[in-house]
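**Student:** According to mature numbering (1 follows the signal peptide of the UniProt record, and there is no 0), the stretch in the sequence shown is residues -21 to -1, 1 to 230, in order.
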Amino acid sequence: MKTIKLLLVAVIVSFTTMAQAQTAEEIIANYFENTGGMDAWNSLKALKFEGAVKVQGMELPMTMIQTKEGKQLSVAEFQGMKFYQGVFDGETMWNTNQMTMAAEKSDAETTANAKLEMNDFGDPFLNYKEKGYTVELLGNETIEGTETYKIKLTKEPTMVDGAEVPTVAYYYFDMDNFVPIVIEQDLLTGPGKGMTGQTKLSDYQEAGGIYFPFSIVAGAKGQPGGQEIVIKSVEINPEVSDEMFAFPEGK
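1) Do Met154 and Tyr128 have their beta-carbon atoms positioned less than 9 Å apart in this structure?
2) Span of the beta strand (DSSP E) holding Ala148?
3) Which one of Gly198, Trp73 and Met80 has the shortest CA to CA distance from Gln58?
4) To which residues of the same chain is Tyr190 closer than 8 Å at the C-beta, ignoring the five residues directly before and after it?
5) Give the DSSP-derived three-state secondary structure of Met174 in the structure shown.
6) Going by DSSP, what residue range makes up the beta strand (DSSP E) through Asp165?
7) Going by Cα to Cα distance, which pick from Val196, Gly65 and Gly198 is closest to Phe224?
8) Is DSSP giving Asp221 helix, strand or coil here?
9) Between which residues of its own chain and Leu23 is the CB-CB distance below 6 Å, once the five residues before and five after are set aside?
10) Within its chain, find whatever has a CB closer than 6 Å to the CB of Ala93; leave out the 5 residues flanking it on each side and keep chain order.
Here you go:
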């Protein structure tokens, strides 16, 4: 009996060691391999997401566009009006003021931080070493019944109130599929400042040879609710023009 117990312990230890033997680099490599392969990811020049954002029981049609050059926009429609958020042409960031419906430029600090995000097109982990990012495997963690690898991603510092603040995010990768299902990051600005932001990713689907999460829920960790985005289609390398991202001067 004692021998059997020792064998069981040895087997358990063996499986635990195998799970922990994965390195952060191997997990990330498996992630890209399982979601389309590095060639497909590196061939991305632009992405267009069509879907809906759920607000107070309503689904508002929305479009998100991102380019390899760092240009981006997000626009939602409500009662015939278009609300632009996080629009960036590479130099100027702007949004629609929801009270006046006028386009407003973001402050210099927000714009400078947007320029740092230009490196993250496609995925922050894509060629992360070339960007100067670092990754660290912190261990295993169970997230809502799913066993995951917890990886710490450190990027370039962010400016907050004139001071540099470390930019750190924690990604939880499903052990079976090697895809991130939760992202956590401290909220440094806005009404949620001081809280931990949490984004849940699910319903991975293939589009143009690459797998993307078609369900995204963002909110504060431990708090009810959260903003849900449902992706309905993804277009790879769509036609885009500079005018789409430009600040509407004089309007």
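Ideal Cβ placement from N, Cα and C applies to all residues, glycine included.
**Tutor:** Reading off the structure:
1) yes
2) Ala142 to Asp153
3) Met80
4) Asn13, Thr14, Gly15, Val158, Tyr183 and Gln184
5) coil
6) Pro159 to Asp165
7) Gly65
8) helix
9) Gly101
10) Phe67 and Met72
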